[in-house]
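A.B. asks: Mind looking over this structure? Questions follow.
Residue numbers (the UniProt record's numbering): 1 to 147.
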């Protein structure tokens, strides 16, 4: 997806993943998030997002290719993360649990507030209890794409 979600590039399917989505007790309005992250980068980065559109697309392609091969990529980049982490350091607890439980990729969903993790279907041993004990998580969604 590009722009503000109005441009699509179709790619081949990923391998089957187990997917965990955690919805925190706080919400982030998308219009508010965009306005605030614009302010954040004008102060912190001299007036621009960390990557221009071309570099962002190259970065996305790199992660897509690695995930297509089932490689571990860790925390996925998201321009909203540094700004949102400043308000909700609880995200770090989630990302640490993802690392500990063998997630191959994890990150912030869009402009927040939800977070997600991807696990290889073959060898994932997801301990949902590690995530359920996080008091700030309101709901956990978990499903498997076992084709």
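Built from N, CA and C at the ideal position, the CB exists for glycine as well. Given the structure is predicted, the values throughout are model-derived calculations rather than measurements.
Give the secondary structure of residue 21 by DSSP, where H, G and I count as helix, E and B as strand, and everything else as coil.
C.D. replies: Residue 21 sits at position 21 when you count from the first residue of the chain shown. Looking at residue 21 - three-state DSSP - the assignment turns out to be strand.
A.B. asks: Which word fits residue 84, buried or exposed, when buried means at least 16 other C-beta atoms lie within 10 angstroms of its C-beta?
C.D. replies: Along the chain shown, one-based indexing puts residue 84 at 84. The residue is buried, with at least 16 neighbouring Cβ atoms inside 10 Å.
A.B. asks: Is it the case that the Cβ atoms of residue 78 and residue 57 are separated by a distance below 7 angstroms?
C.D. replies: Working through the chain shown from its first residue, we reach residue 78 at position 78. Working through the chain shown from its first residue, we reach residue 57 at position 57. Cβ atoms of residue 78 and residue 57: not closer than 7 angstroms.
A.B. asks: Please confirm whether residue 95 and residue 75 have their CB atoms less than 7 angstroms apart.
C.D. replies: Position 95 of the chain shown, counted from the start, is the residue given in the question as residue 95. Position 75 of the chain shown, counted from the start, is the residue given in the question as residue 75. Result yes, Cβ atoms of residue 95 and residue 75 sit closer than 7 angstroms.
A.B. asks: Just mark residue 91 as buried or exposed, buried being the case when its beta carbon has 16 or more other beta carbons within 10 Å.
C.D. replies: Walking along the chain shown from the start, residue 91 turns up at place 91. Residue 91 is buried by the Cβ-count criterion.
A.B. asks: In angstroms with no decimal places, state the Cα-to-Cα distance between residue 192 and residue 52.
C.D. replies: With the chain covering 1 to 147 only, the question about residue 192 has no answer from this structure.
A.B. asks: How would you write the range of the alpha helix (DSSP H) that residue 96 sits in, first residue to last?
C.D. replies: Along the chain shown, read from residue 1 onward, the residue named residue 96 stands at position 96. Run containing residue 96: 90–100, per the alpha helix (DSSP H) assignment.
A.B. asks: To the nearest angstrom, how far is the alpha carbon of residue 110 from that of residue 68?
C.D. replies: For the purposes of this step, residue 110 is taken as residue 110 along the chain shown, with counting starting at 1. For the purposes of this step, residue 68 is taken as residue 68 along the chain shown, with counting starting at 1. One C-alpha to the other measures close to 20 angstroms.
A.B. asks: Does the separation of the CB atoms of residue 21 and residue 80 fall below 7 angstroms?
C.D. replies: The residue given as residue 21 occupies position 21 in the chain shown. The residue given as residue 80 occupies position 80 in the chain shown. Cβ atoms of residue 21 and residue 80: not closer than 7 angstroms.
A.B. asks: Is residue 12 helix, strand or coil by DSSP?
C.D. replies: Locating residue 12 in the chain shown gives position 12, where the first residue counts as 1. If DSSP states are grouped into helix, strand and coil, residue 12 belongs with coil.
A.B. asks: From what residue to what residue does the alpha helix (DSSP H) around residue 60 run?
C.D. replies: Within the chain shown, numbered from 1, the residue matching residue 60 stands at position 60. Counting along the chain, the alpha helix (DSSP H) containing residue 60 begins and ends at 53–68.
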